[in-house]
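A.B. asks:
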Amino acid sequence: MKELGTRDLLVVVAMEEEERAVLEVLSGFPVETGEAGRRTRVPYRKFAVGERTVTLARSGIGPVNAGIAVTLLAESLAFDAILLFGVGGAVSTKLAIGDVVVSDGVFQHDSFSSLDFGNAHMPSGKYVLAADDVGRHPPLRMSGAELLEWFATVHREDRPYHRGVILSGNEFVGTVKRKREIALLHPEALLVDMEAAGVAHAAERLGLPFLVVKTVSDRLSPDGSIESDFRKCLDAAAANAATCLRALLSIEG
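What follows is the structure, encoded as structure tokens:
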């Protein structure tokens with residue numbers, strides 16, 4: 002395995018606003034473009050950043066899009082780790098707009114068996130039929146320990162961040178009530194998004210480490226609606242996430 006400072010990376014974003022923010026960070030580096038896949042194509046940009054190659058791809062919104070994109074890119078390109086950057090919604094009152102959340106692990110909140118003893122959450126690709134199965138198939142997919150250490154090493158002290166669990170599913174969680182419901186699924190839950198579960202699942206199948214870095218675009222208890230928070234703060238939150246990539250890659254700016 003290469004040293005962390007030279008590993009080739011796949012950087013995944015879901016939305017145009019997130020992609021635009023990352024492109025601003027990577028502007029000025031040599032780049033080549035291409036497409037992965039045959040019937041379904043995933044455009045990508047490959048940047049030469051020092052000794053490493055950084056591939057940027059926009060997957061589209063949701064876990065299925067994210068998982069498909071990562072898988073197709075892995076069939077066409079070589080990379081050593083997967084980073085998911087972008088925005089998400091706070092499920093903790095301690096988070097404010099623009100706060101950075103780094104994943105200790107990813108919990109898919111909409112993957113569960115509804116059984117007589119209650120709802121048993123499980124990682125996608127597994128199933129739980131009895132209470133005894135829960136321990137064999139824990140629902141949390143863990144981020145790469147070395148990637149977490151790398152982030153902690155390079156992140157600026159004047160820009161604090163939060164480490165915790167990212168909840169993820171095929172749902173835009175747009176009410177305070179729903180956020181509070183899913184926050185109960187894990188004591189360390191901080192943020193909810195729509196792509197992390199797909200990336201985590203694909204990374205596990207590919208045998209690659211992953212890390213999710215997201216910034217808060219909507220608060221748990223906004224002044225208005227969660228939707229208005231999201232629309233108003235999306236660009237700024239995406240730019241803040243991209244700033245974390247700048248630090249990881251030791252890019253001046």
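Going left to right, the sequence shown walks through residues 2 to 254 as the numbering used here numbers them. Ideal Cβ placement from N, Cα and C applies to all residues, glycine included.
(1) Using 8 Å for Cβ pairs, my map puts Ile183 next to Val177. What's the rounded Cβ distance?
(2) Let's see if you can read the secondary structure: which residues bound the alpha helix (DSSP H) around Lys180?
(3) On a Cα-Cα basis, can you pick out the residue from Leu57, Ser115, Arg39, Glu20 that is closest to Pro31?
(4) DSSP three-state label for His202, please.
(5) May I ask you to report which of helix, strand or coil DSSP gives Ala79?
(6) Go ahead and pull the three-state DSSP assignment for Ile167.
(7) Quick check on the DSSP output: what are the complete beta strand (DSSP E) runs of length 3 or more inside the stretch 29 to 97, in order along the chain?
(8) Assign Lys127 to one of three DSSP states: helix, strand, or coil.
(9) In chain order, what residues of the same chain have a beta carbon less than 6 Å from the beta carbon of Arg59, not counting five sequence neighbours either side?
(10) May I have the straight-line CA-CA distance separating Val1 from Ile69, to the nearest angstrom?
(11) How far does the beta strand (DSSP E) with Arg160 in it reach, from first residue to last?
(12) Less than 8 Å separating the beta-carbons of Leu84 and Val217?
(13) Three-state secondary structure (DSSP) at Met2?
(14) Could you tell me how far apart the beta carbons of Ser125 and Ser112 are, in whole angstroms, since I believe they sit closer than 8 Å?
(15) Would Tyr45 be called buried (16 or more neighbouring beta carbons within 10 Å of its own) or exposed?
(16) Would you say Val129 reaches chain B, if we count a Cβ-Cβ gap shorter than 8 Å as a contact?
(17) Taking the C-alpha atoms as reference points, what is the distance between Ala239 and Ala22?
(18) Quick one: what does DSSP say Leu235 is sitting in, helix, strand or coil?
(19) For my contact list, Lys215 and Asp194 are in at a C-beta cut-off of 8 Å; report their separation, rounded to the angstrom.
(20) Comparing C-alpha positions only, which one of Gly170, Ser169, Leu149 sits nearest to His163?
(21) Helix, strand or coil, according to DSSP, for Leu141 in the structure here?
(22) In chain order, what residues of the same chain have a beta carbon less than 6 Å from the beta carbon of Gly38, not counting five sequence neighbours either side?
(23) Does the Cβ of Ala49 have 16 or more other Cβ atoms within 10 Å, making it buried, or fewer, making it exposed?
C.D. replies: Concretely, from the data shown:
(1) That belief does not hold up - the Cβ atoms of Ile183 and Val177 are roughly 11 Å apart, past 8 Å.
(2) 177 to 184
(3) Leu57
(4) helix
(5) In the three-state DSSP reduction, Ala79 falls in the coil class, being neither helix nor strand.
(6) strand
(7) 32 to 37, 43 to 50, 53 to 59, 82 to 91
(8) coil
(9) The residues are Val14, Glu20.
(10) Because the chain here runs from 2 to 254, residue 1 falls outside it and cannot be looked at.
(11) For Arg160, no beta strand (DSSP E) encloses it, and the DSSP letter there is neither H nor E.
(12) no
(13) Any answer about Met2 is weak, because its pLDDT of 49 lies below 50 and its placement is not dependable; what the coordinates show is given next. It is coil, neither helix nor strand.
(14) With a Cβ gap of about 5 Å, Ser125 and Ser112 count as contacting.
(15) buried
(16) The chain labelled as chain B is not found in the depicted structure, where only one protein chain is given.
(17) 6 Å
(18) helix
(19) 6 Å
(20) Nearest C-alpha to His163 among Gly170, Ser169, Leu149: Leu149.
(21) The answer is strand: DSSP assigns Leu141 an E or B state.
(22) Leu73
(23) exposed
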